[in-house]
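Asker:
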Amino acid sequence: MDHFQFQPWFPTGIKHIIAAGASNYVAVVDEHTVLKFPIVSPQEDGVYSEKGRAYRKNAGERAVIGLEIEEKILNTLGHHPRIIQLRQQYLRDIDPDTSLEQRLKWASQAAEGLAYIHSKNVLHCDISVGNLLLDTDLNIKLSDFQGRLQHPDGTVFIDGGAAESTMSSMPRLDRNYCDYKTDIFALGTAIYQMMKGHPPFTDLDPVDDEDEIQRRFKDGELPALGDNWGDDVIWKCWAGGYESATEVVRDLQK
């Protein structure tokens, strides 16, 4: 059996799986709740080589550690209207007929959520439309908190190892480095996708063309932006022109 291949498993009570990441599945429990659980079943009985068993054991342990870190970060954040109480609808599935008003509302809510977690010394490190969920009233909820929790002086004391995808990653020497501006850069990509209905650089593959995507961002060869609502905010997020997510909220609500 291929030890790099993972087959979905179904803990008691879930209805269906709606997403899969590197370490975890996300599945619907009911109208108001989803369950995030490791991709490796604790009762896995596949026939694997010694190397395969070690790999899958490590993958399962990493998933559990990540979930524990996410729980600690969420406990630190407490209740906020822009932080998850999950539902099975992802913002990546944007209806092309969605109004401009609704798109701008989502952009503003995403920025509000980011501003809030930053006020609690949390770095998300993986802002994307895939981690922006909608509740039953179509309001944004930030999810997937496996980033970093910092002391007020900026030293990191919990690090979940999260990192952005290529389309959301601010060009920098160390891809593992994360701060407020890298989060805001990623927010710019999320807002772009909300407003345009597709990711930037549709002519490039996010995996095969990673170096070219990073080069374009670094050299300022950005997707066409004009005078449409939100375009100036997207550009400023990508250009590193914001010092805080609160400034993004302010500009979106002008």
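Residue numbers for the sequence shown follow the numbering used here, beginning at 634 and rising by one. All residues carry an ideal CB built from backbone N, CA and C; glycine is no exception.
#1: Please tell me whether A740 and L858 are closer than 8 angstroms, where the distance is taken between their beta carbons.
#2: Spatial neighbours of H784 within its chain, please: C-beta separation below 8 angstroms, excluding the five flanking residues on both sides.
#3: Suppose you measure from the CA of G874 to the CA of Y825; what does that come to, to the nearest Å?
#4: By DSSP's criteria, P671 is part of a beta bridge. Which residues make up the other side?
#5: In terms of residues, what are the limits of the beta strand (DSSP E) holding D792?
#6: For my contact list, P832 and M800 are in at a C-beta cut-off of 8 angstroms; report their separation, rounded to the angstrom.
#7: List the residues that DSSP assigns as beta-bridge partners of R781.
#8: Who are the near neighbours of Q742 in its chain, counting only those whose CB is closer than 7 angstroms to its CB and skipping five residues on each side?
#9: Would you say the region 806–816 touches the region 848–857, given that touching needs at least three Cβ pairs under 8 angstroms?
#10: Cβ of L820 within 8 angstroms of Cβ of C758?
#11: Counting only the same chain and skipping the five closest in sequence on each side, list residues whose C-beta sits under 8 angstroms from that of L747.
#12: So, is N861 buried or exposed, given that buried needs 16 or more other C-beta atoms within 10 angstroms?
#13: Indicate the three-state DSSP secondary structure (helix, strand or coil) for D817 in the structure shown.
#14: Could you check where the alpha helix (DSSP H) with V882 kicks off and where it finishes?
#15: In chain order, what residues of the same chain have a beta carbon less than 7 angstroms from the beta carbon of K887, not counting five sequence neighbours either side?
#16: Which one of T788, D786, N809, G787 has the shortest CA to CA distance from E797?
#17: Since I believe Y749 is in contact with H713 (beta carbons under 8 angstroms), could you give me their beta-carbon distance rounded to a whole number of angstroms?
#18: Helix, strand or coil, according to DSSP, for I647 in the structure here?
#19: Given this structure, state the Cα-to-Cα distance separating T709 from D777, to the nearest angstrom.
#20: Indicate, with yes or no, if the ligand MG has a heavy atom lying under 7 angstroms from the CB of Q779.
#21: Starting from E854, trace the alpha helix (DSSP H) both ways and give me its first and last residue.
#22: Apply the 10 Å Cβ neighbour rule to K829 and answer buried if 16 or more other Cβ atoms are within range, or exposed otherwise.
#23: To which residues of the same chain is L737 closer than 7 angstroms at the C-beta, ignoring the five residues directly before and after it?
#24: Which residues mark the beginning and the end of the alpha helix (DSSP H) in which W868 is found?
#25: Do G794 and Q779 have their C-beta atoms closer together than 8 angstroms?
#26: Hey, would you say I706 sits closer than 8 angstroms to L765, going by beta carbons?
Answerer: According to the structure shown:
#1: Inclusion of A740 and L858 in the CB contact set at 8 angstroms is not warranted, their separation being larger than that value.
#2: Residues N754, F790 of the same chain have their beta carbon placed closer than 8 angstroms to that of H784, with the five preceding and five following residues left out of the count.
#3: Note on geometry: alpha-carbon atoms of G874 and Y825 lie some 16 angstroms from one another.
#4: P671 has N657 as its beta-bridge partners, per DSSP.
#5: It spans 789–792 - the beta strand (DSSP E) in which D792 sits, taken as one unbroken run.
#6: Their Cβ separation, rounded to whole angstroms, is 5 angstroms, which keeps P832 and M800 in contact under 8 angstroms.
#7: For R781, the beta-bridge partners assigned by DSSP are L756, D792.
#8: Around Q742: R715, N772, I773.
#9: The region 806–816 is not in contact with the region 848–857.
#10: In this structure, L820 keeps its C-beta atom at 8 angstroms or more from the C-beta atom of C758.
#11: Hits under 8 angstroms: H757, I760, L775, D816, I817, L820, A878, V881.
#12: N861 sits exposed, since fewer than 16 C-beta atoms from the chains shown fall within 10 Å of its C-beta.
#13: The displayed chain sequence assigns Ile, not Asp, to residue 817. Looking at I817 - three-state DSSP - the assignment turns out to be helix.
#14: Where V882 is concerned, the enclosing alpha helix (DSSP H) starts and stops at 878–885.
#15: Cβ neighbours of K887 beyond the five flanking positions: none.
#16: Measuring from the Cα of E797, the nearest candidate turns out to be N809.
#17: By a beta-carbon distance limit of 8 angstroms, H713 contacts Y749. Their separation comes to about 5 angstroms.
#18: I647 falls in the coil class under three-state DSSP.
#19: Inter-residue distance for T709 and D777 is about 14 angstroms (C-alpha atoms, whole angstroms).
#20: Among the components modelled here there is no ligand, and therefore nothing to report on the ligand MG.
#21: Run containing E854: none; DSSP gives neither H nor E here.
#22: With 16 or more other Cβ atoms within 10 Å, it is buried.
#23: Excluding sequence neighbours, L737 sits near W862, G863, L885.
#24: First-last of the alpha helix (DSSP H) with W868: 864–871.
#25: Yes, the pair counts as a contact, with Cβ atoms nearer than the cut-off.
#26: For I706 and L765, no; Cβs fall outside 8 angstroms.
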